[in-house]
Amino acid sequence: MDEYHSSDTNALGFCLLPSELIQSILFSLALPEILCMKLVNKFLSYLISDQDFIRQCNLRSRSVTWLFVYKKRWRRDAILHGFSDQSNRWFKICIEDLIKQVVFYPDEDIYLLTASGNIFLFASNSQKAVIAVNLVSKAVKKIPPCPLGPRGTSSWRRSGMKLVPESSDSGHFRFSFVELVGNSPVVFEYNSETQKWQCREAREGKGNFAGNDCMFLNAHNAPRESLVVAIGSEYIPPLILRPRFGNREQQASWVNVNDRRHVYGDGHVMIMRSRDQRRAKVLCSIEVWGISLRSGNWEYVSNVPSEIMEQIGKPYGVMIGCLEARNGRIRVVLMSNYEGSWDIIWLTYHQQSGVWNWVSLPDCKMKGSNLAGITFSSGLSLT
């Protein structure tokens, strides 16, 4: 009883502070913390629901990048963990009750595909369906099957899809992915406002796309040559690109995939080289290449400095990665497992300054859980 009385007293004392100071304190919090503060009492709920506060908060949140890891403990719970580049701890978001609105089987396998803004897309393996979840409005719905028919979780490739939310207050979004149909890449796009799919076949040829105005989707990834589709205006057909490395020596060096891993995304590829150490591997180097808009081939961008590699070069048994290029920054995350323990590495490359940053992450406490998806996201908002 004393604990609750103390909590109520602290909340009351906080609300007696000047409104400008309260707003300043709230703006220093991460968005999940602000949403929790909204539940404290009517005064804070009124303040956080004010349109001017929402507008300022959404404006600030645009520059925040989030890393989301979805893990599931068999027959126990479904937890989404979020960490932002402006916070120092993980936030736990239980989505079990939301998913139950459209998935009625307790043992169903759900996987996180991608996220952007307040929208998160999950794939159901047994139902072969994609589920859209809005974490703020709590809206949940199944996306109608695409023209290719129902798709299992193994059909989706992270580098071959993109989720783009519409204006922050509409709740609508566009979900695009590319697939080879009869050896030709076709772009499929779902519009949540019309609830319809449309498809466009990519064409060969040269285009004049500006990097910031173009979306890249990978239709096929291979060390020798990749097949990437560049999407610009909706009035211009998607363009086929076949990026290769610049010379035969470089092409030959990437063919030996035993000591290398490739992660693709947003017109870039991350090449990770490892060496054997007893029954594990140790990360030795990381390079990032991007598609040259002049030649259409892979062009060297940068490599992670040795001083950072010395800190992140830990033994691993299995490793997966995720790559995002946006607003002049390239973000990569590597998630590895060694003898049952998970480790997460987040690196950011600032293209203008040429500087790499290593984002230090606290323990996500993944031991004993199954990894069911990882993705970057940005643009979380209060609406």
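Numbering-wise (the working numbering), the sequence shown opens with residue 6 and increments by one.
Glycine is no exception: its CB is placed at the ideal position from the N, C-alpha and C atoms.
Rounded straight-line distance, which links the Cα of residue j to that of residue i
i	j	result
M166	L246	16 Å
A235	D271	10 Å
S160	M275	22 Å
V188	E312	The amino acid occupying residue 188 in the given sequence is Asn; Val does not appear at that position. The straight-line gap from Cα to Cα measures roughly 44 Å.
E292	V337	11 Å
R331	N46	38 Å
E344	E113	26 Å
E25	F58	11 Å
A257	P228	Summary for A257: the model assigns pLDDT 40, below 50, so the residue's position carries little reliability, and this model does not support an answer.
G122	S358	27 Å
D281	N223	30 Å
V108	A120	19 Å
S297	L22	54 Å
E254	I349	Below a pLDDT of 50, predicted positions are generally treated as unreliable, and E254, at 39, falls in that range; no measurement from the model is reported.
S341	N226	21 Å
S172	L64	12 Å
H267	K43	43 Å
Y305	S383	26 Å
L49	L244	50 Å
L385	R163	20 Å
S169	R179	The displayed chain sequence assigns Val, not Ser, to residue 169. Taking the straight line from one Cα to the other gives about 5 Å.
P310	C151	43 Å
V141	K147	17 Å
I104	K77	13 Å
S131	F381	26 Å
L366	W294	25 Å
N261	T353	Model confidence at N261 stands at a pLDDT of 49, short of 50, so the residue's coordinates are unreliable; what they give is reported in the following sentence. The straight-line gap from Cα to Cα measures roughly 27 Å.
G333	C99	33 Å
R400	E329	This structure does not reach residue 400, given that the chain is present from 6 up to 388, and the question cannot be answered.
S33	L126	28 Å
C20	R67	27 Å
V138	G251	42 Å
Selection from the options that minimises the alpha carbon distance to residue i
i	options	result
L85	S386, G384, S374	S374
D102	L288, S297, A144	A144
M371	C151, S54, Y75	Y75
M220	V192, V287, N123, A227	V192
P37	S92, F58, D57	S92
K97	R60, G87, K105	G87
G301	F73, I241, V107, E209	E209
C369	M42, S121, R94	R94
E230	W303, L34, L288, V169	W303
G157	A134, L168, F381, L185	A134
E315	S307, P367, S279	S279
S29	F125, Y51, Q61	Q61
L153	V138, S175, Q203	Q203
L387	I53, W71, S181	I53
H355	S307, L34, P320	S307
Cβ-Cβ separation, residue j to residue i (assumed contact under 8 Å), whole Å
i	j	result
Q200	P149	7 Å
D90	V69	7 Å
H177	E206	Not quite, the Cβ-Cβ distance comes to about 25 Å (not below 8 Å), so this is no contact.
G378	Y116	5 Å
I317	W363	7 Å
A1	G322	Because residue 1 is not part of the residues shown, which for the chain are 6 to 388, the question remains open.
C351	L72	Cys is not the amino acid found at residue 351; the sequence shown has Trp there. With a Cβ gap of about 6 Å, W351 and L72 count as contacting.
Simplified DSSP assignment, three categories, for residue i
i	result
T388	coil
N223	strand
K370	coil
A257	Caution is warranted here: a pLDDT of 40 is assigned to A257, below 50, making its placement in the model unreliable, and the coordinate value is therefore given only provisionally. In this structure, A257 counts as helix in the three-state DSSP scheme.
G165	helix
I27	helix
E230	strand
I104	helix
D90	coil
T353	strand
T158	helix
C20	helix
D264	coil
I379	strand
D114	coil
D348	strand
D218	helix
L153	coil
G122	coil
W361	strand
S11	With a pLDDT of 48 at S11, under the threshold of 50, the predicted position of this residue should be treated as unreliable, though the coordinate-derived value follows. It is helical.
R280	strand
G270	strand
L339	strand
R208	strand
Residue-chain proximity (residue i, chain B), Cβ-Cβ < 8 Å
i	result
A377	Considering every chain present, this structure includes no chain B. It has just one protein chain.
Tell me the start and end of each unbroken alpha helix (DSSP H) in the region 290-335 that is at least 4 residues and wholly inside, in chain order. You should have 311-317.
Going residue by residue through the region 32-82, where are the continuous alpha helix (DSSP H) segments of at least 4 residues, counting only ones entirely within it? 36-42, 47-54, 56-66
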